[in-house]
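Numbering (the working numbering), first residue to last: 118 to 378.
Put into structure tokens, the structure is as follows:
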């Protein structure tokens, strides 16, 4: 396809020599050289080797563009509108297979972004205005390994990880990229611990389990043990009770006195 689009020999020019005029929101780019708008087909070398082929009309990169390695292998195909990326961008590996596919709008990632390994999907995320916004997942084969929700590039909502057999391994609630609310850990699908967080610090009751039964609980405030902690027998009766103030273990008497203040 690149050969048909660029049947005529393109003019070669270095990117650093070009004058670049972006719109205020970077959604449009106009290229010129010596105050003259570029017009035609251009080959632009990369500093690290390789080159790009662009079709430029009135200073604006338009339609399909192609990036090549130093050895002349096609590495990327993308689409332009108003001089910036618009539409699908595909990157290729040495075998010519797609390893990265991204949607763009007005020069920014907008829509689905997918990464592949040996032809299989390993990562999928949704973007809005160059930021993750929506569901983001990683995969191993057909199995989901992780899933998280984003708003403006920050984790928000429930995030989960899974073992290779598809069983839930962890789940946590996030707000503005910090753990807020529950954080649960599982082994072979069975709950092992449940912790509460506030602004990424343990806050509230933390519980651990053995064979599906509660074996310990502890209260936390701002990341420190603060309150009453219990250890339990398999029959559910209390084995030990401990008391904490600001992370320090204290006697029951001192703890009770502190609660009266």
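Note that beta-carbon positions come from the ideal geometry of N, C-alpha and C, so glycine has one too. Everything numeric in this text was worked out from a predicted model, so none of it was measured.
Segment limits, beta strand (DSSP E) that includes residue i
{"i": "residue 375", "result": "No beta strand (DSSP E) contains residue 375, which is instead part of the alpha helix (DSSP H) from 369-377."}
{"i": "residue 143", "result": "Careful: residue 143 lies outside any beta strand (DSSP E) and carries neither H nor E."}
{"i": "residue 219", "result": "215-222"}
{"i": "residue 335", "result": "330-338"}
{"i": "residue 353", "result": "First-last for residue 353: undefined, no H or E at that position."}
DSSP bridge partner residues for residue i (one or two, in chain order)
{"i": "residue 240", "result": "232, 255"}
{"i": "residue 358", "result": "347"}
{"i": "residue 131", "result": "Per DSSP, none; premise fails for residue 131."}
Residue i (DSSP reduced to helix, strand or coil)
{"i": "residue 118", "result": "Confidence at residue 118 is low in this model, with a pLDDT of 46, below 50, so its placement is unreliable and no value can be given for it."}
{"i": "residue 366", "result": "strand"}
{"i": "residue 323", "result": "strand"}
{"i": "residue 318", "result": "strand"}
{"i": "residue 155", "result": "coil"}
Integer Cβ distance of residue i from residue j, believed to fall under 8 Å
{"i": "residue 276", "j": "residue 268", "result": "That belief does not hold up - the Cβ atoms of residue 276 and residue 268 are roughly 13 Å apart, past 8 Å."}
{"i": "residue 294", "j": "residue 318", "result": "Actually they do not touch by this definition, with Cβ atoms about 14 Å apart."}
{"i": "residue 191", "j": "residue 185", "result": "6 Å"}
Short CB-CB distance (under 8 Å) between residue i and chain E
{"i": "residue 267", "result": "Of the protein chains in this structure there is only one, and it is not chain E."}
TODO: Enumerate, from N- to C-terminal direction, the unbroken beta strand (DSSP E) stretches of 3 or more residues contained entirely within the segment 242-316.
DONE: 248-257, 260-268, 274-279, 285-292, 295-304, 307-315
Task: Those runs of the beta strand (DSSP E) which lie wholly inside the segment 159-228 and span at least 3 residues - done: Here the runs fully enclosed are 168-174, 180-185, 191-198, 204-209, 215-222.
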